[in-house]
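Visitor:
In the UniProt record's numbering, the protein residues as written are 1 to 240.
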């Protein structure tokens, strides 16, 4: 049994093709820019059986299959429910469904087994050093690196993303550090894509509704054209 927050049936930016995006409930990071704080708490949703979840997504197979799409497990953090995630991914592969995990790389282990059934990992680089990582997310960057090692050993393909926050990573120094992280930590033969996601404030109303303090209250949305320029800079450095 697993806990699922919600399901989006027409995801267009969550991997190749049209994706059914399954948002897992629960995450132990507290990223300052998170726009889904309603997925943080682990017991905030009803239990669901992996077979029942598969039935829900199979209804849309005709749509996502024709586009070269599939299923993306997002969250929250899908790696925090490893047994349920493995069972669901296995069922997807038995039904010839392309699988992706959108993750920060922070879970409960069993990564090698999870990645056996994962075609694509969409991995977020939250920050570029230990201090900044902990301040922005509450997590340790070494745990992120541990998951990267598991990806390197797997057959999964890889997309890397970074949320660019004004005043924090919107300059060339952190971009060069991201390039160094990727070149030194990642098996580049696996890397298919790099994206910068401009920080936005669309989730602020959720914090107010939940009674949570929003840590970036005075930060304005990232300029999309500026973020695109930084993205091209990193892509060129990586020869993608």
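Using N, Cα and C, we set each Cβ at its ideal position, and we do this for glycine too. Predicted model, so just to flag it, every value in this text is computed and none were measured.
(1) Count the C-beta pairs between the segment 122–135 and the segment 80–95 that are closer than 8 Å, then say yes if the count reaches three, no if not.
(2) Which full runs of the beta strand (DSSP E) of 3+ residues lie inside the segment 163–214, going along the chain?
(3) For the beta strand (DSSP E) containing residue 8, name the first residue and the last one.
(4) Would you decide whether residue 100 is buried or exposed? Buried here means 16 or more other CB atoms lie within 10 Å of its CB.
(5) Note down, in chain order, each residue of its chain lying with its Cβ closer than 6 Å to the Cβ of residue 26, except the 5 sequence neighbours on either side.
(6) With burial defined as no fewer than 16 other Cβ atoms inside 10 Å of the residue's Cβ, what is the status of residue 10: buried or exposed?
(7) Please specify which runs of the beta strand (DSSP E), each continuous and at least 3 residues long, are wholly inside the segment 85–168, giving them in chain order.
(8) How many angstroms separate the CA atom of residue 214 from the CA atom of residue 35?
(9) Would the segment 11–19 count as touching the segment 59–68 if we require 3 or more Cβ pairs under 8 Å?
(10) Comparing alpha-carbon positions, which option in 207, 125 and 186 lies nearest residue 140?
Guide: Based on what the coordinates show:
(1) Output reads no: the segment 80–95 does not touch the segment 122–135.
(2) 191–198
(3) In the chain shown, counting from the first residue as 1, residue 8 sits at position 8. Per DSSP, residue 8 belongs to the beta strand (DSSP E) from 2–11.
(4) Walking along the chain shown from the start, residue 100 turns up at place 100. Answer is buried; the Cβ neighbour count reaches 16.
(5) Indexing the chain shown from 1 puts residue 26 at position 26. Answer for residue 26: 42, 76 and 80, listed in chain order.
(6) Here residue 10 corresponds to residue number 10 of the chain shown, with the count starting at 1. Answer is exposed; the Cβ neighbour count stays below 16.
(7) 98–103, 120–124 and 157–164
(8) As a first step, residue 214 is located in the chain shown; it is residue number 214 there, counting from the start. As a first step, residue 35 is located in the chain shown; it is residue number 35 there, counting from the start. When rounded, the distance between both Cα atoms is 10 Å.
(9) yes
(10) On the chain shown, residue 140 is found 140 positions in, with the first residue counted as 1. Measuring from the Cα of residue 140, the nearest candidate turns out to be 125.
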